[in-house]
Amino acid sequence: MTSADSGAERRHPMTGNRMDSDVDTEPHGFETHEYDVVVIGAGGAGLRAAIAAHDAGARVAIVCKSLLGKAHTVMAEGGIAASMGNVYPDDGWQVHFRDTMRGGKMLNNWRMAQLHAQESPERVLELEEWGALFDRTPEGLISQRDFGGHRYARLAHVGDRTGLEMIRTLQQRTVALGIDVFMECTVTEVFTDGVSTGSTSRGPSVSGAFAYRRETGRFLVFHTPSVVLATGGIGKSYQVTSNSWEYTGDGHALALRAGASLINMEFVQFHPTGMVWPPSVRGILVTESVRGDGGALKNSEGERFMFDYIPEYFKSETADSIEEAEGWYADKKANRRPPELLPRDEVARAINSEIKAGRGSPHGGVFLDIASRRDAEFIRRRLPSMYHQFKELADVDITAEPMEVGPTCHYVMGGVEVDADTEQSLVEGLYAVGEVAGGMHGSNRLGGNSLSDLLVFGRRAGHSAAYHALKDRESAPTVSDDEVRAAGEHALAPFSVEGASENPYTIQKDLQAVMQRLVGIIRKADELRESLAEIEKLKERAKYLSVEGHRQYNPGWHLALDLTNMLIVSECIAKAALEREESRGGHTRGDFPGPDPEWGALNLVLTLPGESVSLKHQPLPVMPEDLKTLFEES
Amino acid sequence: MGYELKMRLWRGDVSGGALNDYTVEVEEGEVVLDAIHRIQATQAGDLAVRWNCKAGKCGSCSAEINGHPKLMCMARLSTFDETETITVTPMRTFPVIRDLVTDVSYNYEKAKEVPAFSPKPVEADGTRRMMQEDVERGQEFRKCIECFLCQDVCHVIRDHEDNKKSFAGPRFLMRHAELDMHPLDTLDRRPMLREQHGLGMCNITKCCTEVCPEGIKITDNAIIPMKERLVDRKYDPLVWLGSKIFRRDEREEV
Numbered sequence: 000m001t002s003a004d005s006g007a008e009r010r011h012p013m014t015g016n017r018m019d020s021d022v023d024t025e026p027h028g029f030e031t032h033e034y035d036v037v038v039i040g041a042g043g044a045g046l047r048a049a050i051a052a053h054d055a056g057a058r059v060a061i062v063c064k065s066l067l068g069k070a071h072t073v074m075a076e077g078g079i080a081a082s083m084g085n086v087y088p089d090d091g092w093q094v095h096f097r098d099t100m101r102g103g104k105m106l107n108n109w110r111m112a113q114l115h116a117q118e119s120p121e122r123v124l125e126l127e128e129w130g131a132l133f134d135r136t137p138e139g140l141i142s143q144r145d146f147g148g149h150r151y152a153r154l155a156h157v158g159d160r161t162g163l164e165m166i167r168t169l170q171q172r173t174v175a176l177g178i179d180v181f182m183e184c185t186v187t188e189v190f191t192d193g194v195s196t197g198s199t200s201r202g203p204s205v206s207g208a209f210a211y212r213r214e215t216g217r218f219l220v221f222h223t224p225s226v227v228l229a230t231g232g233i234g235k236s237y238q239v240t241s242n243s244w245e246y247t248g249d250g251h252a253l254a255l256r257a258g259a260s261l262i263n264m265e266f267v268q269f270h271p272t273g274m275v276w277p278p279s280v281r282g283i284l285v286t287e288s289v290r291g292d293g294g295a296l297k298n299s300e301g302e303r304f305m306f307d308y309i310p311e312y313f314k315s316e317t318a319d320s321i322e323e324a325e326g327w328y329a330d331k332k333a334n335r336r337p338p339e340l341l342p343r344d345e346v347a348r349a350i351n352s353e354i355k356a357g358r359g360s361p362h363g364g365v366f367l368d369i370a371s372r373r374d375a376e377f378i379r380r381r382l383p384s385m386y387h388q389f390k391e392l393a394d395v396d397i398t399a400e401p402m403e404v405g406p407t408c409h410y411v412m413g414g415v416e417v418d419a420d421t422e423q424s425l426v427e428g429l430y431a432v433g434e435v436a437g438g439m440h441g442s443n444r445l446g447g448n449s450l451s452d453l454l455v456f457g458r459r460a461g462h463s464a465a466y467h468a469l470k471d472r473e474s475a476p477t478v479s480d481d482e483v484r485a486a487g488e489h490a491l492a493p494f495s496v497e498g499a500s501e502n503p504y505t506i507q508k509d510l511q512a513v514m515q516r517l518v519g520i521i522r523k524a525d526e527l528r529e530s531l532a533e534i535e536k537l538k539e540r541a542k543y544l545s546v547e548g549h550r551q552y553n554p555g556w557h558l559a560l561d562l563t564n565m566l567i568v569s570e571c572i573a574k575a576a577l578e579r580e581e582s583r584g585g586h587t588r589g590d591f592p593g594p595d596p597e598w599g600a601l602n603l604v605l606t607l608p609g610e611s612v613s614l615k616h617q618p619l620p621v622m623p624e625d626l627k628t629l630f631e632e633s
Numbered sequence: 000m001g002y003e004l005k006m007r008l009w010r011g012d013v014s015g016g017a018l019n020d021y022t023v024e025v026e027e028g029e030v031v032l033d034a035i036h037r038i039q040a041t042q043a044g045d046l047a048v049r050w051n052c053k054a055g056k057c058g059s060c061s062a063e064i065n066g067h068p069k070l071m072c073m074a075r076l077s078t079f080d081e082t083e084t085i086t087v088t089p090m091r092t093f094p095v096i097r098d099l100v101t102d103v104s105y106n107y108e109k110a111k112e113v114p115a116f117s118p119k120p121v122e123a124d125g126t127r128r129m130m131q132e133d134v135e136r137g138q139e140f141r142k143c144i145e146c147f148l149c150q151d152v153c154h155v156i157r158d159h160e161d162n163k164k165s166f167a168g169p170r171f172l173m174r175h176a177e178l179d180m181h182p183l184d185t186l187d188r189r190p191m192l193r194e195q196h197g198l199g200m201c202n203i204t205k206c207c208t209e210v211c212p213e214g215i216k217i218t219d220n221a222i223i224p225m226k227e228r229l230v231d232r233k234y235d236p237l238v239w240l241g242s243k244i245f246r247r248d249e250r251e252e253v
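Going down the list, the protein sequences come from chains A and B.
Heads up: the first sequence begins at 0 in numbering that gives the first Met the number 0, then just goes up one per residue.
Heads up: the second sequence begins at 0 in numbering that gives the first Met the number 0, then just goes up one per residue.
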């Protein structure tokens with residue numbers, strides 16, 4: 000499979016990387032590999048896609064920026080939403096579908112929401128077959144917990160470390176199947192071939208991918224007809240975020256450059272509860288399970304302020320008194336849900352308003368109190384990693400005192416526009432799955448729907464990608480030497496730009512400040528225009544990036560490559576946010592405070608025909624009549 | 000609030016390196032990784048360090064801080080004296096790649112050798128039933144974030160490179176224990192534990208338990224029970240006799 004060049008150089012026994020230092024001066028000594036399917040990203044979506052493609056008979060490679068098992072999925076805490084009905088037998092896919100669509104303010108791709116609700120129970124059970132150890136009900140079945148926006152207790156979980164359980168299970172399955180994993184490799188280019196042959200011309204079609212190994216700085220070329228993007232989100236474009244350094248919009252940008260389109264990019268989820276103190280942990284996630292398990296939000300006056308923020312849209316299903324809210328934990332039939340468990344966009348906006356009105360906590364958040372509401376043993380058992388996190392990083396004992404929390408950039412609903420059933424983008428052979436895909440969550444994602452999304456669509460994308468690769472092997476497009484050379488030169492540019500003096504860390508910091516200040520929770524036309532002008536200036540400065548040192552494990556060089564992606568994706572967010580003149584889900588316009596039914600029928604589609612992003616309106620797919628009836632009651 | 004922190008960071012690669020001195024402004028509430036990031040952003044753009052979540056959940060930023068194996072994201076500066084120089088070096092048990100980044104592929108190789116989970120058939124009603132008490136033993140081990148600090152500190156491999164061939168290290172001895180205690184798993188993992196993964200080489204000094212950032216009782220809850228299971232099987236005269244009389248598939252498991 001590997002046709003790496005030979006010679007007397009030293010090679011790493013496991014990775015085959017050259018270990019000698021003069022590799023840095025040889026730009027064209029590429030490793031080349033041939034696969035049926037290349038999956039970019041090793042989080043839940045990427046691993047599930049790789050397993051599915053492998054099971055379908057394809058030769059699969061996973062290429063990931065970090066080590067295997069470190070992807071951002073490990074940060075997911077609460078659980079996997081699936082209407083298994085283990086705790087409430089009344090639950091079913093129709094109820095889950097309805098909750099998901101309403102949580103997304105009906106902007107979701109209805110077909111994706113339907114498939115997701117129908118298939119997630121089976122995907123959870125599959126994890127159990129592969130060794131996952133979920134928490135149990137008294138009957139010995141998988142236990143399910145309450146979460147915001149879900150009518151019934153629906154989240155399969157393991158304490159508050161469900162993401163870790165999921166990634167470890169999928170990682171171990173991947174290893175058991177013998178799937179090739181290229182760790183600490185970053186894809187910088189997806190190659191496409193859109194030639195017209197004779198009378199028939201076809202659109203762009205995937206031919207391969209270009210990557211570099213961090214360990215050596217050495218380049219790799221993958222020849223493959225199918226690429227699955229599973230690269231996660233964009234959170235690193237913001238100052239306060241729950242996302243890790245990897246979340247730089249790589250897949251979004253790779254898709255745009257390959258000729259695919261993005262939708263819903265204006266919708267960015269600010270999770271209502273991130274840590275606010277000390278500064279070094281600002282933004283780190285505090286799981287929604289704290290509220291699902293009884294935690295209440297209070298302002299500096301000790302008021303449970305969420306009762307003042309129940310929107311018309313959710314009035315009929317939300318408790319309007321403390322008594323009813325308290326009753327709900329024990330009896331969900333006779334009582335409505337506490338307002339703390341409204342969808343995330345509602346809670347984040349409410350917290351934001353309380354802080355702005357001067358009723359915040361000492362460090363600029365609000366109080367999340369479970370200490371006075373549940374006993375210490377319950378808290379430590381249900382929320383062990385929250386207990387650990389606050390104890391170790393903030394010197395706060397959450398069984399004895401309230402936490403201080405505030406909104407943190409958490410998730411982008413927008414992403415690559417894909418076909419609901421196959422997850423293929425506009426580019427043939429290019430698939431997107433998980434956070435990098437758009438449509439499934441509409442304008443706002445419900446907690447717990449992310450892990451299930453990864454599993455359901457990961458599997459579908461893997462199958463589709465394998466089918467695409469295997470059905471027509473002979474006519475697969477090829478990668479030309481020129482393309483490869485250009486990709487290599489492009490990647491090395493930051494080492495050799497003339498007159499370069501810009502520090503990539505500084506530009507990243509400036510971009511984060513712009514996005515936080517001007518494209519945050521509440522947006523306004525003039526600020527969004529300003530943000531676009533600022534992003535243009537940053538793009539100009541980014542042409543003169545200077546990188547010190549050499550190619551081996553060089554974080555400055557790596558950031559220089561990531562920055563290009565962050566800038567494009569930030570431009571997409573700001574541009575779409577300026578265009579959409581309404582407030583809906585994860586997009587709130589101070590100058591257009593309410594939802595607008597006309598906008599509610601439209602997607603904004605972004606493409607990259609040249610250096611700048613272009614935008615057009617596109618009608619939303621229309622839900623069939625039989626599904627519409629699910630929304631008639633209430 | 001803020002102060003000037005003195006740090007010594009090991010910089011170099013497989014061919015050699017040295018401790019370099021840095022002085023960096025730090026703030027209240029910060030951790031060692033914050034200080035290193037600030038050095039990276041302002042003084043040494045190419046300083047290599049591996050990290051991801053910065054919340055003690057992914058186990059990427061393992062290193063040795065003043066000689067102690069720790070996660071850099073969980074090492075709070077407030078636990079050091081402000082005048083103290085903090086020295087950070089890469090994990091010693093693994094070959095260095097560059098600066099604070101080591102080649103941890105040993106661990107991924109050992110992971111591949113552990114036979115996969117192999118469940119018994121589903122219940123008659125098509126479900127999988129396990130009781131909470133029964134899954135809790137395995138759940139403790141599945142808290143492992145694979146930071147490999149236990150592997151780093153284990154003197155069986157830290158001081159004896161040769162042992163890497165025949166010893167899986169605490170992380171993977173615990174993985175065997177986890178599977179062995181899984182209510183659904185059917186494989187007998189003891190022969191491999193004894194022969195390829197060197198359970199007998201562990202002399203229960205509990206260094207691994209001490210450095211575990213997740214507080215897993217690796218020695219007491221995983222390694223010692225597995226040692227007992229091995230001994231039961233190997234030295235129980237009835238079992239020994241059974242193994243001589245019956246075919247393997249007719250033998251009674253202990």
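All residues carry an ideal CB built from backbone N, CA and C; glycine is no exception.
Small disclaimer: the values here were computed from a predicted structure and weren't measured.
Residue i at chain A interface by Cβ criterion, 9 Å
{"i": "B:ILE96", "result": "yes"}
{"i": "B:THR126", "result": "yes"}
{"i": "B:HIS296", "result": "The shown model of chain B, from 0 to 253, leaves out residue 296 of chain B, and the question about it has no answer."}
{"i": "B:TRP9", "result": "no"}
{"i": "B:PRO118", "result": "yes"}
{"i": "B:MET191", "result": "no"}
{"i": "B:ASN255", "result": "Because residue 255 of chain B is not part of the residues shown, which for chain B are 0 to 253, the question remains open."}
{"i": "B:ASP20", "result": "no"}
Chain B contact for residue i (CB, 9 Å cutoff)
{"i": "A:LEU392", "result": "yes"}
{"i": "A:PHE377", "result": "no"}
{"i": "A:LEU454", "result": "no"}
{"i": "A:PHE313", "result": "no"}
{"i": "A:SER119", "result": "no"}
{"i": "A:GLY130", "result": "yes"}
Residue i beta carbon near the ligand FAD (any heavy atom closer than 8 Å)
{"i": "B:VAL121", "result": "Ligands are entirely absent from the displayed structure, and the ligand FAD is therefore not among its contents."}
Environment of residue i [buried if 16+ CB atoms lie within 10 Å]
{"i": "A:ALA176", "result": "Reading off the sequence shown, one finds Leu at residue 176 of chain A, where the question assumed Ala. By the neighbour-count rule (16 or more Cβ atoms within 10 Å), A:LEU176 is not buried but exposed."}
{"i": "A:PRO618", "result": "exposed"}
{"i": "A:ALA460", "result": "buried"}
{"i": "B:GLU81", "result": "exposed"}
Sequence-distant residues of its chain with Cβ nearer than 8 Å to residue i (five each side left out)
{"i": "B:ARG128", "result": "GLU122"}
{"i": "A:ILE166", "result": "GLY42, GLY43, LEU46, GLY68, ALA70, THR72 and VAL73"}
Same chain, Cβ closer than 7 Å to residue i, neighbours up to 5 away in sequence not counted
{"i": "B:THR92", "result": "GLN150, ASP151, ILE156 and ARG157"}
Close Cβ partners of residue i (< 6 Å) along its chain, the five nearest in sequence each way excluded
{"i": "B:THR86", "result": "ARG7 and ASN65"}
{"i": "B:VAL30", "result": "CYS72, ALA74 and ARG75"}
{"i": "A:ARG213", "result": "GLU183 and TYR552"}
(message) Give me the subset of the stretch 72-89 of chain B whose CB atoms are less than 8 Å from a CB atom of chain A, sorted by chain position.
(response) MET73 and ARG75
(request) Only counting runs of 3 or more residues, tell me where the beta strand (DSSP E) segments fall wholly within the stretch 52-130 of chain B, in order along the chain. (result) 61-64, 67-70, 85-88 and 95-97
(request) May I have a chain-ordered list of the alpha helix (DSSP H) segments no shorter than 4 residues that lie completely inside the stretch 315-371 of chain A? (result) 321-327 and 343-355
(message) As an exercise, report each continuous alpha helix (DSSP H) stretch of at least 4 residues that is fully enclosed by the stretch 110-176 of chain A, in chain order.
(response) 161-176
(message) Threshold first: 3 residues or longer. Then list the beta strand (DSSP E) segments lying entirely within the stretch 191-251 of chain A, N to C.
(response) 204-212, 218-222 and 225-228
(request) Compile a chain-ordered list of the residues in the stretch 55-69 of chain B whose CB is closer than 9 Å to at least one CB of chain A. (result) GLY55, LYS56, CYS57, GLY58 and SER59
(request) Would you list, in sequence order, the uninterrupted alpha helix (DSSP H) runs of no fewer than 4 residues that lie entirely inside the stretch 414-490 of chain A? (result) 448-470
(message) Against chain B, which members of the stretch 132-146 of chain A pass a CB distance test of less than 9 Å?
(response) LEU132, PHE133, ASP134, ARG135, THR136, PRO137, GLU138, GLY139, LEU140, ILE141 and SER142
(request) Output, in sequence order along the chain, the residues in the stretch 533-554 of chain A whose CB is closer than 8 Å to any CB in chain B. (result) VAL546, GLU547, GLY548, HIS549, GLN551, TYR552, ASN553 and PRO554
(message) At a CB distance below 9 Å, what residues from the stretch 134-166 of chain B approach chain A? Give them in sequence order.
(response) VAL134, GLU135, GLY137, GLN138, ARG141, LYS142, CYS143, ILE144 and GLU145
(request) Give the residues from the stretch 20-36 of chain B that approach chain A closer than 8 Å (Cβ to any Cβ), ordered along the chain. (result) GLU26, GLU27, GLY28, GLU29, VAL30 and ASP33
(message) Closer than 8 Å between beta carbons: that is the criterion. Which residues of the stretch 250-278 of chain A meet it against chain B?
(response) TRP276, PRO277 and PRO278
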